[in-house]
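Peer 1: Below is a structure I'd like to ask you about.
Chains as they are written, first to last, in the numbering used here: chain A, 218 to 429; chain B, 6 to 92; chain C, -14 to 97.
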């Protein structure tokens, strides 16, 4: 049945799944069960569709974005296509991102990009998977557009005055991914090894890629 | 040649996507994004008009004045045409 | 709801706030199901992501402070489905009540 495939194993982040049975059944859990059952009974959805959607979402993780970044680092023509139309470039690499409108913004020596959604929590989930909890907090949503540098220092990113910070507020249909700057000393690395340097936070702008 | 625009200072109740901190502020159109269904209608289950959407770039100096952390840093946001006045 | 100047609670850009809480959690199955319902129902045209956001906004600041992300999402999904006439409040209420009587835990409350 629908619940049986999640009782074991680790989530894509490497942590155990939070148990549904941490406490007594809540009002909201009852609502989810009721809504799901009514939708199925009324022929709107099937259990298989629901499971397939959960699996599709589980398959989306920062590793997908990292693959796109690594390709852009090694293939200048792809990078141009990515900066022109990031959704098309992602689809070109075989990722099923659905109707996502994606814009890639490039970090350089002079520019550092940071993504936020001040009005809710819009995030390029169809490429990167579900957003981290901190992205959805009041503190992040409030402060990213007024004190990005102070915020970034809390994330361990300290930018010099010579770099311009560009904050992108996802207020409408576009979603954003940061194309981080390729770290020094990586010229010899394979695409797969480069992808391993690309963290989720570096594609949001709250982090930098790992050093080799 | 960039176009300067000001975000209207309207404050209707209800679902709008022009953030408070940008209202009344002047920015430049960074790019035209195309036409999309008006979220102010979609939110209420209504048939939506197709409206032009723009990415508008604002400097931190424009948004926060003296309090700006770094005046030349920028915020880009997507704003619908009906929220913008051309200057 | 709105402060006297018309600013709505969810419109947070530029407000003062403390440090960003960095703790995260991985998603429970019920939360993944809520997420799936949102994607599938909006894909079938029962509501839009705009309708979901509007319902979340209209819930007010109190809900944001007291309830988790997916608790608010299932409430917003439900709000939209009720407005779309997919089921009635009577049907929902009756089913939620029946579910409460199936057992104490999420696993026990499943219909299988």
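Even glycine gets a Cβ: it sits at the ideal position worked out from N, Cα and C. Because the structure is a prediction, the values reported are computed rather than measured.
Are the Cβ atoms of residue 397 (chain A) and residue 379 (chain A) separated by less than 8 Å?
Peer 2: In the first chain, counting from the first residue as 1, residue 397 (chain A) sits at position 180. In the first chain, counting from the first residue as 1, residue 379 (chain A) sits at position 162. In this structure, residue 379 (chain A) does not lie closer than 8 Å to residue 397 (chain A) by Cβ.
Peer 1: From residue 331 (chain A) to residue 50 (chain B), what does the alpha carbon distance come to, in whole angstroms?
Peer 2: The sequence position of residue 331 (chain A) within the first chain is 114, counting from 1. The sequence position of residue 50 (chain B) within the second chain is 45, counting from 1. Roughly 33 Å separates the two Cα atoms.
Peer 1: Taking Cβ-Cβ distances shorter than 9 Å, what residues in chain C pair up with residue 359 (chain A)?
Peer 2: Mapped onto the first chain, residue 359 (chain A) falls at position 142. The answer, in chain order, is -3, -2, -1, 0, 1 and 2.
Peer 1: Ends of the alpha helix (DSSP H) at residue 248 (chain A)?
Peer 2: In the first chain, the residue the question calls residue 248 (chain A) occupies position 31. Residue 248 (chain A) -> alpha helix (DSSP H) spans 244 to 258.
Peer 1: Looking at the strands, I want to know which residues DSSP matches up with residue 321 (chain A).
Peer 2: Working through the first chain from its first residue, we reach residue 321 (chain A) at position 104. DSSP output for residue 321 (chain A) lists A:394 as bridge partner(s).
Peer 1: Using a C-beta to C-beta distance shorter than 8 Å, which residues of chain B count as neighbours of residue 36 (chain C)?
Peer 2: As a working note, residue 36 (chain C) is residue 51 in the third chain. Residues of chain B passing the Cβ test: 47, 48, 49 and 50.
Peer 1: Starting from residue 74 (chain B), find everything on chain A with Cβ-Cβ shorter than 8 Å and list it in chain order.
Peer 2: Here the question's residue 74 (chain B) lines up with position 69 in the second chain. By Cβ distance, chain A contributes 363, 364, 365, 366 and 367.
Peer 1: Return the first residue and the last residue of the alpha helix (DSSP H) that residue 98 (chain C) is part of.
Peer 2: Outside the modelled stretch of chain C, which goes from -14 to 97, sits residue 98 (chain C), for which no answer is possible.
Peer 1: Does residue 83 (chain B) come within less than 8 Å of chain A when only Cβ atoms are used?
Peer 2: Position 78 of the second chain, counted from the start, is the residue given in the question as residue 83 (chain B). Yes, because at least one Cβ of chain A sits closer than 8 Å to the Cβ of residue 83 (chain B).
Peer 1: Identify the residues that DSSP records as bridge partners of residue 380 (chain A): which are they?
Peer 2: Indexing the first chain from 1 puts residue 380 (chain A) at position 163. Note: residue 380 (chain A) sits in no beta bridge, so no partner.
Peer 1: Please report the distance separating the alpha-carbon of residue 39 (chain C) from that of residue 417 (chain A).
Peer 2: Taking the first residue of the third chain as position 1, residue 39 (chain C) is located at position 54. Taking the first residue of the first chain as position 1, residue 417 (chain A) is located at position 200. Roughly 29 Å between the two C-alpha positions.
Peer 1: If you count every other CB in all the chains shown that lies within 10 Å of the CB of residue 251 (chain A), and 16 or more means buried, which is it?
Peer 2: Locating residue 251 (chain A) in the first chain gives position 34, where the first residue counts as 1. Buried.
Peer 1: Of all the CB atoms in chain C, is at least one closer than 8 Å to the CB of residue 26 (chain B)?
Peer 2: Within the second chain, numbered from 1, the residue matching residue 26 (chain B) stands at position 21. Answer yes: the Cβ-Cβ gap between residue 26 (chain B) and chain C drops below 8 Å somewhere.
Peer 1: Taking beta-carbon pairs under 7 Å, can you tell me which members of the segment 70 to 84 of chain C lie near chain A?
Peer 2: Per Cβ criterion, the list reads 71, 72, 76, 77, 80, 81 and 84.
Peer 1: Using the Cβ count rule (16 or more neighbours within 10 Å means buried), how would you classify residue 30 (chain B)?
Peer 2: Taking the first residue of the second chain as 1, we reach residue 30 (chain B) at position 25. Answer is buried; the Cβ neighbour count reaches 16.
Peer 1: Looking at the C-beta of residue 44 (chain C), does it have a partner C-beta in chain A at a distance below 8 Å?
Peer 2: Locating residue 44 (chain C) in the third chain gives position 59, counting from the first residue. False, the Cβ-Cβ gap to chain A never drops below 8 Å.
Peer 1: Among A:315, A:374 and A:354, which residue has its Cα nearest to the Cα of residue 25 (chain C)?
Peer 2: Counted from its first residue, the third chain places residue 25 (chain C) at position 40. Ranking the options by Cα distance to residue 25 (chain C), first place goes to A:315.
Peer 1: Tell me, to the nearest whole angstrom, how far the beta carbon of residue 119 (chain C) is from that of residue 247 (chain A); I am working on the premise that it is less than 8 Å.
Peer 2: Residue 119 (chain C) lies beyond the residue range present for chain C, which begins at -14 and ends at 97; the question has no answer from this structure.
Peer 1: Can you check whether the C-beta of residue 88 (chain B) is within less than 8 Å of a C-beta belonging to chain A?
Peer 2: Residue mapping note: residue 88 (chain B) aligns to position 83 of the second chain, counting from 1. It does not: the Cβ of residue 88 (chain B) has no partner Cβ on chain A nearer than 8 Å.
Peer 1: Closer than 8 Å, CB to CB, is residue 29 (chain C) near chain B or not?
Peer 2: Taking the third chain and counting its residues from 1, one reaches residue 29 (chain C) at position 44. By this cut-off, residue 29 (chain C) is not an interface position.
Peer 1: Residues in its own chain within less than 6 Å of residue 5 (chain C) by CB, not counting five upstream and five downstream?
Peer 2: Here residue 5 (chain C) is taken as the residue at index 20 of the third chain, counted from 1. For residue 5 (chain C), where only same-chain residues beyond five positions count, there are no Cβ hits under 6 Å.
Peer 1: Give, in chain order, every unbroken run of the alpha helix (DSSP H) that is at least 4 residues long and sits entirely within the segment 274 to 361 of chain A.
Peer 2: Counting only runs of 4 or more, we get 279 to 291, 293 to 301, 303 to 309, 342 to 345 and 355 to 360.
Peer 1: Tell me which residues share the same chain as residue 54 (chain B) and place their Cβ nearer than 7 Å to its Cβ, disregarding the 5 neighbours each side in the sequence.
Peer 2: In the second chain, counting from the first residue as 1, residue 54 (chain B) sits at position 49. Around residue 54 (chain B): 43 and 46.
Peer 1: Can you round the beta-carbon distance between residue 284 (chain A) and residue 310 (chain A) to whole angstroms, since I take them to be within the 8 Å contact cut?
Peer 2: The residue labelled residue 284 (chain A) in the question sits at position 67 within the first chain. The residue labelled residue 310 (chain A) in the question sits at position 93 within the first chain. Yes, residue 284 (chain A) and residue 310 (chain A) are in contact; Cβ-Cβ is about 6 Å, under 8 Å.
Peer 1: Following the continuous beta strand (DSSP E) through residue 419 (chain A), name the residue where it begins and the one where it ends.
Peer 2: In the first chain, residue 419 (chain A) corresponds to position 202, counting from 1. Not the beta strand (DSSP E): residue 419 (chain A) falls in the alpha helix (DSSP H), residues 417 to 421.
Peer 1: At a CB-CB cut-off below 7 Å, which residues of chain C make contact with residue 57 (chain B)?
Peer 2: Taking the first residue of the second chain as 1, we reach residue 57 (chain B) at position 52. Within 7 Å Cβ-Cβ: nothing; residue 57 (chain B) doesn't reach chain C, min ~17 Å.
Peer 1: How many Å lie between residue 219 (chain A) and residue 265 (chain A) at the Cα?
Peer 2: Sequence index remark: in the first chain, residue 219 (chain A) carries index 2 (1-based). Sequence index remark: in the first chain, residue 265 (chain A) carries index 48 (1-based). Confidence at residue 219 (chain A) is low in this model, with a pLDDT of 41, below 50, so the placement of that residue should be treated as unreliable; the coordinate-derived value is given next. Looking at the two C-alpha atoms, the distance is approximately 8 Å.
Peer 1: Is the CB-CB distance between residue 80 (chain B) and residue 384 (chain A) below 8 Å?
Peer 2: Taking the first residue of the second chain as 1, we reach residue 80 (chain B) at position 75. Taking the first residue of the first chain as 1, we reach residue 384 (chain A) at position 167. Their beta carbons are under 8 Å apart, which means residue 80 (chain B) touches residue 384 (chain A) by this criterion.
Peer 1: If you reduce the DSSP assignment to three classes, tell me which class residue 263 (chain A) lands in.
Peer 2: Sequence index remark: in the first chain, residue 263 (chain A) carries index 46 (1-based). Looking at residue 263 (chain A) - three-state DSSP - the assignment turns out to be coil, as it is neither helix nor strand.
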